[in-house]
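What follows is one structure encoded as structure tokens, with my remarks underneath.
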Amino acid sequence: MDLKLKNKVVLISAASKGIGRATAEEFIKEGSKVAILSSNEANLMKACEEIKNIQGVEPFWVVCDVANRIEIENAYNLVKQTLGDIDILVNNCGGPAPGSFEQLNENQWGQAYEQVLMSATRFSRLVLPAMKAKHWGRIINITSISVKQPVENLMLSNAFRSALTAFAKTLSNELGPYSITVNNVGPGYTLTSRLYELAVTKGKQTGESHEHVLAEMANSVPLKRLARPDEVASLIVYLGSEQAGFITGSTITVDGGMIKSTY
Ligand code: NAD
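In our numbering, the protein residues as written are 964 to 1226.
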């Protein structure tokens, strides 16, 4: 299937590792012009070098802490000057701090608000004028299965990704007349450094090895395994395509069947 993504300009807001990085690679395979952002310069440079070695094309990269409004504006301006107006925005961020309500303090709530919710609203606001002028655009937020089934001990992720989902649904209604679609992709257990860190944290609490925790996670999934980052990225790329033009306001999970509900 020709997804008609050649030369589309794609900005992925946290993409030096994991699902964001895999998404960058999949868009590059489609011939898109890709910019990746991350707060970690060393990881960004490593990702770009590795992607260039595999795909023969290096993404444009900018160091940006997505919890910081000024850094978002500066990064957006640099990408626009270098690659042109953004056609496809993929809002990603590092996962917020794990913990129960009583373990998390006021500062961590504030940080998660900036990182998960406000980053997506800020990037969206910046890309919209050009998308509206072109009468074409895609905004895809990477959220979590937690918006359909809250995950134990991830209070901040559960709370702010649900807010982001409501934002996206409302925005999709407002932008429909401009042929701009807004969707969310909710990963289930996906083998990345985020999942590894969560397994280490849980293992410390329960006295189990992180290998055991990861094996238990895999066993709780109907498909009996963890996802690969590229399996989540494939859906993101499809939602960015011309063919996905009638899908908007949706939250689609990639979870190996883990969500227990029927929708
Ligand atoms: P990851 O830890 O592998 O990668 C996260 C990326 O975000 C890295 O490139 C990191 O540098 C970047 N980042 C972190 N904080 C940042 C900041 N403040 N500013 C800019 N960049 C920042 O994570 P992942 O597993 O690929 O997860 C991506 C998103 O999906 C996260 O929000 C995560 O919580 C969510 N998620 C992951 C899983 C999973 O099982 N991996 C499941 C559900 C949801």
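Glycine residues also receive a C-beta, built at the ideal position from the N, C-alpha and C atoms.
On a predicted model such as this, the values are computed, not experimentally measured, just so you know.
Cβ separation of residue i and residue j, assumed to be a contact under 8 Å, to the nearest whole Å
i	j	result
V1114	N1121	6 Å
G1073	T1106	Not confirmed; about 20 Å, so no contact.
I1051	K967	Actually they do not touch by this definition, with Cβ atoms about 12 Å apart.
L1119	P1059	4 Å
I982	V1195	5 Å
A978	D1048	Actually they are not in contact, since the Cβ atoms of A978 and D1048 sit about 19 Å apart, beyond 8 Å.
V1110	G1151	Contact flag wrong, Cβ pair sits at about 12 Å.
P1022	I1035	P1022 to I1035, Cβ: 18 Å. No contact.
E989	S1142	That pair is no contact at about 23 Å.
G1219	R1188	7 Å
L1091	F1123	Incorrect: roughly 21 Å between the Cβ atoms, too far for contact.
Residue i burial status per 10 Å Cβ neighbour count (16 or more: buried)
i	result
R984	buried
L1186	exposed
S1224	exposed
F1209	exposed
P1061	buried
N1055	buried
A1129	exposed
T1045	exposed
T986	buried
Q1078	buried
I1199	buried
K1165	buried
G942	As displayed, the chain neither begins before 964 nor continues past 1226, which places residue 942 out of reach and without an answer.
G1100	buried
I1017	exposed
G1057	buried
A1096	exposed
I991	buried
Coarse secondary structure for residue i, derived from DSSP in three states
i	result
A1010	helix
V1053	strand
N1068	coil
L974	strand
G1062	strand
L966	coil
R1101	strand
V1145	strand
V1184	coil
I1199	helix
T1216	strand
A1190	strand
F1209	coil
G1073	helix
T1225	coil
S1087	helix
S1204	coil
S1172	coil
Short Cβ contact (8 Å threshold) for residue i with residue j
i	j	result
V953	V1026	This structure leaves residue 953 out entirely; the chain is present only between 964 and 1226.
T1084	T1144	no
S1082	A1038	no
H1173	A1181	no
N1147	A1126	no
L1154	A1178	no
I1222	I1102	no
L1134	S1204	no
S1156	K980	yes
K969	E1004	no
D1028	S1063	no
M964	Q1206	yes
CB contact below 8 Å: residue i versus chain D
i	result
A1075	As a matter of chain content, chain D is missing from the structure shown, which is built from one protein chain.
Check: residue i C-beta below 7 Å from any heavy atom of ligand 3
i	result
S1197	Because ligand 3 does not appear in the structure shown, any question about it cannot be addressed here, the ligands present being ligand 1.
| query | Considering only residues of the segment 976–1036, which uninterrupted alpha helix (DSSP H) runs meet the minimum length of 4 residues and lie entirely inside it, listed in chain order? | reply | 981–992 and 1004–1018
Checklist entry - Along the chain, which unbroken stretches of the alpha helix (DSSP H) at least 4 residues long are found entirely within the segment 1104–1170? => result 1118–1138 and 1156–1169
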